[in-house]
Amino acid sequence: MAVPARFRQALAEHRSGYALPRAFALDPDIHEHELAAIWRQSWLFAGVSVQARKPGDFFRFDLDAGDSVVLVRDRDGQLRGLHNTCRHRGMPVCPQASGRVRRWVCPYHQWSYALDGRLLGSGGEEVDPREFGLRRAPVAEIGGLVFVWLGDAPAPLDEAARGLGAALAAQGLDRARVAHTIDYGVRANWKLVWENNRECWHCHAGHPEYIRANFDAAPDTPHHRRRAAARAAEHAVALAELEAPAAAHDEPGLFRFPSPGRWWSANRTPLSDGFVTESVDGRPVAPVMGDYRSHDVGTLRLRTVPNFWCHASADHAVLTRLLPAGPELTRIRVMWLVDGSAEPGRDYDVDRLLPFWRLTSEQDWDLCERNHVGVRNPAFEPGPYSPRREYNVMAFVEWYLARIGGA
């Protein structure tokens, strides 16, 4: 894979322990290199299994760079990934974002395909159906999450499938309901969005709702360590009954992630006194999900680089998906999930379900956009990261440089 000259120049300017030079957030050649080296060579979070429950149900997953994959449940109940380009002349066979079909029919010349991509008809022309089925994209379902691989030769998933699947088992995302979805276009480079997510130094100034519920922004003092450990102990019995494994994190500050060889993580952390869920007032906003028997089990936190994080309380889960749309725009989807048996208006109200993470997310998007404006300034010079406050940002940059070929 050819490394662009602009990348080599920007890498030469980078000082270890410092923010990345501005070219990493602005340069189109570096962005194209990222697409090839990271986005088409990673397991990407696409959506959730319940978006395609029954045979024929589908939803589309698109990168603005042109990649488009249809995720469809076939007649055998397997979720398939099909590259959305007809094998005749390339017309997308699926123009809709989601829906249900019996087969795929290209709108151009009516080549038709089975749900699993096998060629059924070629407009009366004789071609070998074994040679011209829709190209398949590797897909994995893990605990109700759907991941897709856009390139060739997918990386092994065994470790991630075991770890994420075990952590998610009690949450019941595979039998949940999508209660609400909001799409955002954030005018910032995707790496700046990840850097924002990987530290909570900004939380006291930027997230008044979040800091009331969480220990992430608390100073690392004996008092706050005791409080976090005490809350974790209160959860231990309920979690032991559920056999819900996830790394425990019962101290102030963010769980350490990522590392150059580790693209996923799952941990459970306690909430502050008086909070049994991540809602504005700490009170439940929906019935418990999955196999939970109590609301007071802390939050399950999941992350997969380059494009996903999730905060899951006992009664709802909030999933965030990032996709780059050029060097200076990131498309973000936030999804709220509740238990599959929960009925809107009876068991939950979106006006109570949404505010905590809608406010926190939109506060972050505003910070990211303003950060990007500052990085665009020709006077910008990268400053030093704080090993005490920004250790995860430093780890993210190390992961990024290792993946893109600069480490």
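Under our numbering, think of the first position of the sequence shown as 83, with each following residue one higher. Backbone N, C-alpha and C fix where the C-beta goes; we use that ideal spot for every residue, glycine too.
What is the DSSP secondary structure of F462, reduced to helix, strand or coil?
-> DSSP places F462 in coil when its eight states are reduced to three.
Would you list, in sequence order, the uninterrupted alpha helix (DSSP H) runs of no fewer than 4 residues that lie entirely inside the region 98–163?
-> You should have 105–108, 110–116.
Secondary structure at F357, three-state DSSP: helix, strand or coil?
-> When secondary structure is reduced to three states using DSSP, F357 falls in the coil class, being assigned neither helix nor strand.
Nearest to S354 (by Cα), restricted to the options F390, P342, A314 = Nearest C-alpha to S354: A314.
Around the C-beta of R470, are 16 or more other C-beta atoms found within 10 angstroms, so that it is buried, or is it exposed?
-> Classification for R470: exposed.
Among C392, I414, E213, the one whose alpha carbon lies nearest that of L255 = Measuring C-alpha to C-alpha distances from L255 to each of C392, I414, E213 identifies C392 as the nearest.
From V387, G181, Q178, H377, residue whose alpha carbon lies closest to that of K273 | For K273, the closest of V387, G181, Q178, H377 by C-alpha to C-alpha distance is V387.
Just tell me which of N166, S468, R185 has its CA closest to the CA of A179.
-> Comparing Cα positions, the closest option is N166.
Nearest residue (CA-CA) to L411, options N453, V367, N296 = For the set N453, V367, N296, the Cα lying nearest the Cα of L411 is the one of N453.
Just tell me which of R280, R365, V268, W121 has its CA closest to the CA of A295.
-> Of the listed residues, the one whose Cα sits closest to A295 is R365.
Look at the Cβ atom of G138, then the Cβ atom of R184, and state whether they are nearer than 8 Å.
-> The Cβ-Cβ distance between G138 and R184 falls below 8 Å.
First and last residue of the alpha helix (DSSP H) that includes M476?
-> Counted as a single uninterrupted DSSP element, the alpha helix (DSSP H) harbouring M476 occupies residues 473–486.
Same chain, Cβ closer than 7 Å to C282, five either side skipped, listed in chain order = The residues are D298, A299, L336.
To which residues does DSSP link F438 through a beta bridge?
-> Its beta-bridge partners do not exist; DSSP assigns none.
Decide yes or no for the touch test of the region 121–130 against the region 226–240: beta carbon pairs closer than 8 Å, at least 3 of them.
-> They touch, by the three-pair rule.
Determine the contact status of W346 and A222, defining contact as a CB-CB distance below 8 Å.
-> Using a Cβ distance threshold of 8 Å, W346 and A222 do not count as a contacting pair.
Only counting runs of 4 or more residues, tell me where the alpha helix (DSSP H) segments fall wholly within the region 275–304, in order along the chain.
-> Entirely contained in the region 275–304, the alpha helix (DSSP H) runs reaching 4 residues are, in chain order, 285–288, 290–295.
What separation, rounded to the nearest whole angstrom, lies between the Cα atoms of R169 and V154?
-> Straight across, the Cα-Cα distance linking R169 with V154 is about 18 Å.
Any alpha helix (DSSP H) of 4 or more consecutive residues that is wholly inside the region 196–271 = Here the runs fully enclosed are 240–250.
Excluding five sequence neighbours on each side, which residues of the same chain lie with their C-beta closer than 7 Å to the C-beta of R415?
-> Cβ within range, chain order: T263, D265, R403.
Answer yes if the region 93–109 comes into contact with the region 132–152, meaning at least three C-beta pairs across the two stretches below 8 Å, and no otherwise.
-> Cβ pair count under 8 Å is below three, so no.
DSSP-derived helix/strand/coil call for D373 | Annotated three-state conformation of D373 is coil, per DSSP.
Counting only the same chain and skipping the five closest in sequence on each side, list residues whose C-beta sits under 7 Å from that of G205.
-> The answer, listed in chain order, is H191, Q192, W193.
So who's on the other strand from G181, going by DSSP bridges?
-> In the DSSP secondary-structure assignment, G181 is bridged to F140.
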